[in-house]
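Participant: Mind having a look at this structure? Questions to follow.
Protein chains: 2
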Amino acid sequence: MDLPERIEAGIHLALRYATANCCPPQLAKAMRYAVFPGGARLRPRLCLAVAAACGDRDPQAAAAAAAAIELLHCASLVHDDMPCFDNADIRRGKTSVHVEFGQGIALLVGDGLIVSAFETIARETQHNPRLTAPLIATIANAVGSPNGLVAGQAWESEADINVSHYHRAKTASLFTGAVAAGALASDGNPRDWFSLADALGAAYQVADDLYDAMDETGSMGKPAGQDQRNGRPNMVQERGVQEALKHLRELVEEAAASVPECEGSDMLRAMISKEAIRLMPKKLAASAA
Amino acid sequence: MDLPERIEAGIHLALRYATANCCPPQLAKAMRYAVFPGGARLRPRLCLAVAAACGDRDPQAAAAAAAAIELLHCASLVHDDMPCFDNADIRRGKTSVHVEFGQGIALLVGDGLIVSAFETIARETQHNPRLTAPLIATIANAVGSPNGLVAGQAWESEADINVSHYHRAKTASLFTGAVAAGALASDGNPRDWFSLADALGAAYQVADDLYDAMDETGSMGKPAGQDQRNGRPNMVQERGVQEALKHLRELVEEAAASVPECEGSDMLRAMISKEAIRLMPKKLAASAA
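Residue numbers (the numbering used here), protein chains in the order written: chain A, -8 to 280; chain B, -8 to 280.
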């Protein structure tokens, strides 16, 4: 199986457990709705690519980590879209979960996906118990408080935002988690991969700012212009499109250059350059090609 | 340390990590508000009591499991109180989290506590890796979908409620999880303890129905009369106070009788009888004394 097939298989397996048998029908339907069809599956692809670059020592653990990371990403999208945050009606080109199923079910979909993510890692690493705790600790750190997605989202409720902590927690943390989990699942050393994760996380943040400012629906599928409406920091507003684009290119080069030498490093560098085009708003990608 | 001290120490440790350093201040404050001061800490006490009855083979793992279970219980209370569900203003005698901090922070407090629960188990079982996956799988099953709290709450959004699945998922599951986790952390066999967990979960459900119907604030600190307002099944409405009370007594006897013979069985039976009084609404406990 290639990476996208392995990712979808891992997510399908997790959802099969989470929506089995006596699951309330609306919850089961809404959990699937939140996860399929997916977006770019950027984070799980990164996780599996790093695992492959490290020799793919435990494919089952890597697939579980990748699935867990995507489930957690989807959970954060469902909760972030709710009226108490972005109040977004559209996600990935269809109505968001709370619009389609109501706020109560949307809340539970997010909770259920978070639990399912950790359950998936526990279930799929039983054969290799020394992986379970490091994988769960690494991924939990990337999504929880004080360093992960939960903290990132909470910064938006603060009167006085710490922009560096905000961006690191809201965007970079899950890239770092994906990279570290991929390395861990293949007996690699996560520390060797942190500068790649940092550069990619920062690149993604700039790309997201560009989408938002250029009035184009981003790879996360959220409507444009939300940063300005919600008074959030955005690099394009601060430094202009050309400066942001230049910074994005530098970050992508930095990411590719920071891939450590290993059996899969060429493949990973090629993937990063390809991602860079995919990351860019279409108008910019056309002019940059 | 006695059980309550060990429980509070475990929860304090988890919160110290979750609210460390760069945590957004409102989130940190709200996470602590949701967890301290606690209610009866019934589920973690049960977890530690079973671990003690099995010989307390790994006190650190047992304390982590107990703390995780309480964090997950608190998370479910915060989310259940939100306007899209119970819209409850009061919890444990003070304003509920969403009233005090807003719905956005309440949503994140729940998410953060869920993540912190699994992170706590991963961190505190590193010395004993063969415990990590079973503990996390057991506790995830008790709080997630399709068997746990998330599914239980989702049944309330169904037009056609399966009452047996609803009560099992919403109430019994976390008792079962607490008991099973306590046994696992002490190398016991969770299967030996399931009938105790079932009886206690059912007893707690009847007690909760009694509180609700008798217009008295329950041990969970939620306002009375919510079942009738929300059209939820309640045993007292169906079979009357005396019948419900009789059933509660039978279930407590059944729970005490189902404690397997082990080094701590007498202590555990005594604890269950004491809990039975604590479980009852005060008006009934006075007449039953």
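Positions of the beta carbon are idealized from the N, C-alpha and C atoms, including for glycine. Keep in mind it's a predicted model, so treat the numbers as computed, not measured.
How would you write the range of the alpha helix (DSSP H) that Asp199 of chain B sits in, first residue to last?
Facilitator: Its alpha helix (DSSP H) spans residues Phe185 to Ala204.
Participant: Should Val69 of chain A be labelled buried (16 or more other beta-carbon atoms within 10 Å of its own) or exposed?
Facilitator: Per the 10 Å Cβ criterion, buried.
Participant: From the DSSP secondary-structure annotation, give me the bridge partner or partners of Lys85 of chain A.
Facilitator: DSSP output for Lys85 of chain A lists A:Arg82 as bridge partner(s).
Participant: Note down, in chain order, each residue of its chain lying with its Cβ closer than 8 Å to the Cβ of Asp102 of chain A, except the 5 sequence neighbours on either side.
Facilitator: Closer than 8 Å at the Cβ level, and outside the excluded window around Asp102 of chain A, lie Ala66.
Participant: Going along the stretch 1 to 32 of chain B in order, which residues come within less than 9 Å of chain A, judged by CB to CB distance?
Facilitator: Per Cβ criterion, the list reads Tyr8, Ala9, Thr10, Ala11, Asn12, Cys13, Cys14, Pro15, Pro16, Gln17, Leu18, Ala19, Ala21 and Met22.
Participant: By the three-class DSSP mapping on this structure, what secondary structure does Glu241 of chain B have?
Facilitator: Note: Glu241 of chain B maps to helix in three-state DSSP.
Participant: Using alpha carbons as the reference points, say which of B:Asn12, B:Asn225, B:Leu39 and B:Arg(-3) lies closest to Gly139 of chain A.
Facilitator: The shortest C-alpha separation from Gly139 of chain A is found at B:Asn12.
Participant: Hey, does Asp49 of chain A have any beta-carbon neighbour from chain B nearer than 8 Å?
Facilitator: It does not: the Cβ of Asp49 of chain A has no partner Cβ on chain B nearer than 8 Å.
Participant: Say whether the stretch 177 to 189 of chain A touches the stretch 43 to 56 of chain A, bearing in mind that this needs 3 or more beta-carbon pairs closer than 8 Å, one atom from each stretch.
Facilitator: In short, these stretches touch, since the Cβ pair count reaches three.
Participant: Could you list which residues in chain A have their beta carbon closer than 7 Å to that of Ile105 of chain B, in chain order?
Facilitator: Correct list: Asp102, Ile105 and Val106.
Participant: Using Cβ-Cβ distances below 9 Å, what residues of the stretch 227 to 245 of chain B are close to chain A?
Facilitator: Listed in sequence order: no entries.
Participant: I believe Ile96 of chain A touches Ala21 of chain A by the beta-carbon criterion, under 8 Å. Please report the beta-carbon distance rounded to the nearest angstrom.
Facilitator: The Cβ separation is near 5 Å, so the contact holds.
Participant: Using a Cβ cut-off of 9 Å, which residues of the stretch 63 to 94 of chain A contact any Cβ in chain B, in chain order?
Facilitator: Here the close residues are Leu63, Ala66, Ser67, His70, Met73, Pro74, Cys75, Phe76, His89, Phe92, Gly93 and Gln94.
Participant: Quick one: what's got a C-beta closer than 6 Å to Val243 of chain B's C-beta in the same chain, skipping five residues either side?
Facilitator: Cβ within range, chain order: Ala194 and Ala267.
Participant: For a test of the three-state rule: what should DSSP assign to Met262 of chain A, helix, strand or coil?
Facilitator: In this structure, Met262 of chain A counts as helix in the three-state DSSP scheme.
Participant: Tell me, please, whether the CB atom of Trp146 of chain B is closer than 8 Å to any CB atom in chain A?
Facilitator: Cβ-Cβ to chain A under 8 Å: yes for Trp146 of chain B.
Participant: Within its chain, find whatever has a CB closer than 6 Å to the CB of Leu259 of chain B; leave out the 5 residues flanking it on each side and keep chain order.
Facilitator: So the list reads Ala40, Ala44 and Val250, once near-sequence residues are dropped.
Participant: Output yes or no for whether 8 Å exceeds the beta carbon distance between Pro120 of chain A and Pro120 of chain B.
Facilitator: In contact: Pro120 of chain A and Pro120 of chain B (Cβ atoms closer than 8 Å).
Participant: Comparing the C-beta of Gly216 of chain A with each C-beta of chain B, is any distance below 8 Å?
Facilitator: With 8 Å as the cut-off, Gly216 of chain A does not count as an interface residue toward chain B.
Participant: Alpha carbon to alpha carbon, how far is Leu285 of chain A from Ile(-2) of chain A?
Facilitator: Any answer about residue 285 of chain A is impossible in this case: the structure gives chain A only from -8 up to 280.
Participant: Going by the beta-carbon positions, is the gap between Glu149 of chain B and Gln17 of chain A smaller than 8 Å?
Facilitator: Yes, the pair counts as a contact, with Cβ atoms nearer than the cut-off.
Participant: What does a CB cutoff of less than 7 Å around Gly192 of chain A pick up in its chain, not counting 5 residues either side in sequence?
Facilitator: The answer, listed in chain order, is Thr162, Ala163, Phe166 and Thr167.
Participant: By the 10 Å Cβ neighbour count, where 16 or more other Cβ atoms means buried, how is Ser256 of chain A classified, buried or exposed?
Facilitator: Ser256 of chain A is exposed by the Cβ-count criterion.
Participant: Given that a residue counts as buried once 16 or more other Cβ atoms are within 10 Å of its Cβ, and exposed if not, what is Asn221 of chain A?
Facilitator: Under this definition Asn221 of chain A is an exposed residue.
Participant: Where does Ala248 of chain A sit, in a helix, a strand or coil, going by DSSP?
Facilitator: Note: Ala248 of chain A maps to helix in three-state DSSP.
Participant: Give the C-beta separation of His33 of chain B and Val134 of chain B to the nearest angstrom, bearing in mind that I take them to be a contact with Cβ-Cβ under 8 Å.
Facilitator: The sequence shown places Leu at residue 33 of chain B, not His. So it is not a contact: roughly 15 Å between Cβ atoms.
Participant: Does the distance from the CB of Thr129 of chain A to the CB of Ala172 of chain A come in under 8 Å?
Facilitator: For Thr129 of chain A and Ala172 of chain A, yes; Cβs fall inside 8 Å.
Participant: Looking at C-alpha atoms only, which residue of A:Ala0, A:Gly29, A:Leu236 and A:Cys253 is the closest neighbour of Asp199 of chain A?
Facilitator: The residue with the shortest Cα to Cα distance from Asp199 of chain A is A:Leu236.
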